[in-house]
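Numbering (full-length UniProt numbering), first residue to last: 1 to 110.
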């Protein structure tokens, strides 16, 4: 090792602290992302679903966030689900067509 060992130690500590800070902010950013996808997808489904609940893919794909929104259809019995796609660039959401939850073999917790 050449140079001042104290400077190497300080430099190493600074890199470690910076990496820890980046990791923490990344985790917070992913939580914020998931919360935004959940909120927008649930709002988009409110026209068709009473009290929609979105389960979010925590990271999505390179370009899109994704969620499965489930709830009781307005004016009907049972449960339905919709795939919700969130565009990471425009922040717009789109819902797929209605899926009968019973046929998928999943039901939300009540």
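Ideal Cβ positions, reconstructed from N, Cα and C, are used throughout, including at glycine. Note that this is a predicted model, so its numbers are computed, not measured.
(request) State yes or no: is the C-beta of residue 52 within less than 7 Å of the C-beta of residue 69? (result) yes
(request) Would you please verify whether the beta carbon of residue 36 is less than 7 Å from any beta carbon of chain B? (result) Reference to chain B is not applicable here, since this structure consists of a single protein chain.
(message) So, with DSSP's three-state summary, where would you put residue 61?
(response) coil
(request) Give the DSSP-derived three-state secondary structure of residue 27 in the structure shown. (result) Looking at residue 27 - three-state DSSP - the assignment turns out to be helix.
(message) Using only CA atoms, which one of 87, 82, 102, 92 lies nearest to residue 45?
(response) Shortest Cα-Cα distance from residue 45 to any of 87, 82, 102, 92 involves 82.
(request) Return the CA-CA distance between residue 18 and residue 49, expressed in angstroms with no decimal places. (result) Bear in mind that a pLDDT of 42 at residue 18, under 50, signals an unreliable position, so the number given afterwards is only what the model happens to contain. Distance between the alpha carbons of residue 18 and residue 49 is about 44 Å.
(message) Can you tell me where the beta strand (DSSP E) holding residue 50 begins and where it ends?
(response) Per DSSP, residue 50 belongs to the beta strand (DSSP E) from 49-56.
(message) Quick check on residue 71: buried or exposed, where buried means 16 or more other Cβ atoms within 10 Å of its Cβ?
(response) buried
(request) Output the distance between the C-alpha atoms of residue 38 and residue 80, rounded to the nearest integer angstrom. (result) If you take the alpha carbons of residue 38 and residue 80, they lie about 17 Å apart.
(message) Quick check on residue 90: buried or exposed, where buried means 16 or more other Cβ atoms within 10 Å of its Cβ?
(response) exposed
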